[in-house]
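K.L.:
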Amino acid sequence: MDTRILEHIKLLDKYLSYLESFTKVAKEDYLSDITIQGATERYLQLSIESCLNIGGRVLSLNQDAPELAAPCNYADIFIKLGKLGVMPESFAGRLVHMAKFRNKLVHGYWEIDKERVFQILHEDLKDIYKFREYIIKYLAKKN
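With this note's numbering as the guide, the letters of the sequence shown map in order to residues -4 to 138.
1. Can you find the residues in the same chain that come closer than 8 Å, C-beta to C-beta, to R52, ignoring five residues on each side of it along the sequence?
2. With 16 other CB atoms within 10 Å as the buried threshold, where does P94 fall?
3. Tell me which same chain residues have a C-beta within less than 7 Å of the C-beta of V101, skipping the five on either side of it?
4. Determine the burial state of T35: buried for a count of at least 16 other Cβ atoms within 10 Å of its Cβ, exposed for fewer.
5. Does the structure place the region 63 to 72 close enough to the region 111 to 122 that three or more beta carbon pairs sit under 8 Å?
6. Write down every uninterrupted run of the alpha helix (DSSP H) in the region 87 to 128 whose length is 4 residues or greater and which is fully enclosed by it, in chain order.
7. Distance, Cα to Cα, K136 vs P66?
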């Protein structure tokens, strides 16, 4: 397996373990604790960036595929992974929302909706695990 991808998977695993610890926090405690909110937002950002780094690396290793011209933006990485067959295109479409959420976290265009972050933590974290699973399966087939 590509060493860069492996490094990013290890980082992703670490960030996911931190996020898992926050899933045990009750909603009212989460909403009243800015430290937990900030840590959750940061580890969500880092998890998403790890997925983007992994995806970007997979695409760079497949430069010979004409349909995989350089991605225009972060969301495009997931779309191109779907076209490459790394994951179903329908699932790749779900990940586009993850890339857009990452932009909100990073650029701070507006106040982050704490209830939405809590919801992502409890309902959408599974998508990051699923992404990881698709990447591992794809790389196993390639080797």
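No residue lacks a Cβ here, since even glycine has one placed at the ideal position from N, Cα and C. In this text the structure is predicted, and so the values were computed from the model without any measurement.
P.N.:
Once the coordinates are examined:
1. D(-3), R(-1), I0 and H3
2. The amino acid occupying residue 94 in the given sequence is Ala; Pro does not appear at that position. Buried, because 16 or more other Cβ atoms sit within 10 Å of the Cβ of A94.
3. Sequence-distant Cβ neighbours of V101 in its own chain, meaning closer than 7 Å and more than five residues away, are Q40.
4. buried
5. no
6. 109 to 114
7. 23 Å
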